[in-house]
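Trainee:
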Amino acid sequence: VVNTRSPEARTALETVAASLGEAAVEIVLADEDADLLTSEVGAAKVVASDEHAADDVDVVVVLGGDGTVLRAAERARASGAPMFGVNLGHVGFLAEAEPESIHDVVAAILASRWVVEERMTLDIRVLTDGREVHRTWAVNEVSIEKQARGRMIDVMVEVDGRPLSRWGCDGVVCATPTGSTAYAFSAGGPVVWPEVSAMLVVPLSAHALFARPLVVSPTSVVAFDLGESSAALLTADGRRTVDVAGGHRIEVRQDPRPVRFARLAEAPFTDRLVAKFELPVAGWRGRRTEAG
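Sequential numbering of the sequence shown, starting at 123, is according to my numbering.
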């Protein structure tokens with residue numbers, strides 16, 4: 123899966139395709155990316171750009187930034203194929219390798235040598251009068267935001283069938299640990315290590331005394347009831363958007379189907395966090411042991 127707007131991604135695709143082709147590895151491209159591969163590099167099997175695109179593949183190579191990884195997740199989740207991300211974007215938090223390590227990714231694929239890391243996803247349902255009218259899912263987060271620029275939305279937050287608080291706010295973000303470094307992070311939420319199973323609820327500019335980020339059990343059902351005059355815009359992973367009328371209800375729970383990432387090797391999330399955010403760790407002396 124390739125960032126079609128990136129010249130660097132096109133070059134990376136040709137590099138990966140040429141190396142895999144020389145080793146007689148079949149290359150599969152979604153039809154939306156098929157014209158990026160030149161005939162000089164080699165042929166590829168073309169499949170429809172839908173949730174079954176990765177049904178017959180062992181690993182999905184993603185060439186782009188986090189947005190491209192999220193697009194790839196839409197193709198790969200149903201099959202369970204792991205995604206090998208090469209960062210050609212900015213932060214690239216979901217990617218495994220930087221461009222200079224692309225040959226390491228190819229070598230790992232040829233040797234069938236990678237570590238699989240599963241990340242939880244969210245199941246999101248929109249209901250009215252108990253009837254489901256829309257359903258989607260997310261790797262990072264679902265945001266529920268006001269449609270009208272000058273008007274807040276009224277949201278009643280509920281956890282496991284019990285009312286928690288009513289917020290007049292610009293919106294609410296419900297995120298996974300993976301999404302804790304995305305929109306939820308920008309909105310003031312905490313960073314949650316991916317090994318922690320949890321859901322985050324982060325209000326956006328809420329006018330309330332109790333309006334702090336919440337960490338909720340992964341077995342919980344978090345619901346958001348919109349006020350009758352509070353039309354909202356629901357967005358999953360910044361990609362799939364639907365208008366939600368006032369009076370509707372949004373329920374969020376853990377989806378039983380995770381997404382899977384391929385890693386070159388097991389590595390502490392702390393190291394990834396430090397590298398991606400360029401955190402100041404110079405001068406660290408390591409763990410000290412007590413004398414005696």
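Where is the CB? At the ideal position from N, CA and C, for every residue including glycine.
Quick caveat: nothing in here was measured; it's all calculated off a predicted structure.
Work out the CA separation of residue 147 and residue 267 for me, nearest whole Å.
Mentor: Distance between the alpha carbons of residue 267 and residue 147: 45 Å.
Trainee: Under the rule that 16 or more other beta-carbon atoms within 10 Å means buried, what is residue 359, buried or exposed?
Mentor: buried
Trainee: Just to confirm, is the Cβ distance from residue 152 to residue 175 under 7 Å?
Mentor: yes
Trainee: Just how far apart, CA to CA, sit residue 251 and residue 128?
Mentor: Approximately 45 Å between the Cα atoms of the pair.
Trainee: Rank 145, 168 and 143 by C-alpha distance to the C-alpha of residue 154 and give the top, closest one.
Mentor: Checked all of 145, 168 and 143; the closest Cα to residue 154 is 168.
Trainee: Let me know the secondary structure DSSP gives residue 370 once reduced to three states.
Mentor: coil
Trainee: What's the call for residue 232, buried or exposed, on a 16-neighbour Cβ count within 10 Å?
Mentor: Residue 232 should be labelled exposed.
Trainee: From what residue to what residue does the beta strand (DSSP E) around residue 256 run?
Mentor: 253–260
Trainee: If you pair each beta-carbon of the region 319–338 with each one of the region 264–281, do three or more pairs fall below 8 Å?
Mentor: yes
Trainee: Could you tell me whether the region 256–265 touches the region 359–373, using the rule of 3 or more Cβ pairs below 8 Å?
Mentor: yes
Trainee: Cβ of residue 263 within 7 Å of Cβ of residue 306?
Mentor: Inclusion of residue 263 and residue 306 in the CB contact set at 7 Å is warranted, their separation being smaller than that value.
Trainee: Can you find the residues in the same chain that come closer than 6 Å, C-beta to C-beta, to residue 177, ignoring five residues on each side of it along the sequence?
Mentor: 201
Trainee: When you compare each of 272, 222, 387 and 377 to residue 210 by their alpha carbons, which one comes out closest?
Mentor: 222
Trainee: Could you check where the beta strand (DSSP E) with residue 245 kicks off and where it finishes?
Mentor: 237–250
Trainee: How about residue 309 and residue 324: do their beta carbons lie closer than 7 Å?
Mentor: yes
Trainee: With a threshold of 16 other CB atoms inside 10 Å of the CB of residue 414, please say whether the residue is buried or exposed.
Mentor: The predicted position of residue 414 is uncertain, since its pLDDT is 42 and thus under 50; a value taken from the coordinates is nonetheless stated next. The residue in question, residue 414, is exposed, as its Cβ has fewer than 16 Cβ neighbours within 10 Å.
Trainee: Enumerate, from N- to C-terminal direction, the unbroken beta strand (DSSP E) stretches of 3 or more residues contained entirely within the region 129–215.
Mentor: 150–152, 167–169, 182–186 and 205–209
Trainee: Going by C-alpha distance, which of 135, 242 and 227 is nearest residue 235?
Mentor: Here the closest residue by C-alpha is 227.
Trainee: What does a CB cutoff of less than 8 Å around residue 230 pick up in its chain, not counting 5 residues either side in sequence?
Mentor: 206, 236, 384 and 386
Trainee: Assuming contact is defined by CB atoms lying nearer than 7 Å, are residue 194 and residue 182 in contact in what I supplied?
Mentor: With contacts defined by Cβ atoms closer than 7 Å, residue 194 and residue 182 form a contacting pair.
Trainee: Give the straight-line distance between the Cα atoms of residue 294 and residue 142, rounded to the nearest whole angstrom.
Mentor: 44 Å
Trainee: Taking the alpha carbon of residue 277 as the point to measure from, which residue in 317, 378, 345 and 213 has its own alpha carbon closest?
Mentor: 345
Trainee: Within the continuous beta strand (DSSP E) that includes residue 308, where are the two ends?
Mentor: Residue 308 -> not in any beta strand (DSSP E); alpha helix (DSSP H) instead, spanning 305–308.
Trainee: Only counting the same chain, and skipping five residues up and downstream in sequence, which positions put a Cβ closer than 8 Å to that of residue 118?
Mentor: Any question about residue 118 goes unanswered here, given that the chain covers just 123 to 414.
Trainee: Would you tell me roughly how many angstroms separate the C-alpha atoms of residue 253 and residue 156, rounded to the nearest one?
Mentor: Using only the alpha carbons, I get a separation of about 40 Å.
Trainee: What residue range does the beta strand (DSSP E) around residue 357 cover?
Mentor: Its beta strand (DSSP E) spans residues 354–358.
Trainee: Measuring CA to CA, which of 326, 342 and 216 is closest to residue 190?
Mentor: Per the Cα distances, 216.
Trainee: For a quick check, are the C-beta atoms of residue 343 and residue 375 less than 7 Å apart?
Mentor: yes
Trainee: Given a cut-off of 7 Å, decide if residue 347 and residue 244 are closer than it, judged by their beta-carbon atoms.
Mentor: no
Trainee: When the distance is taken between beta carbons, is residue 289 closer than 7 Å to residue 320?
Mentor: no
Trainee: How many angstroms separate the CA atom of residue 187 from the CA atom of residue 405?
Mentor: 31 Å
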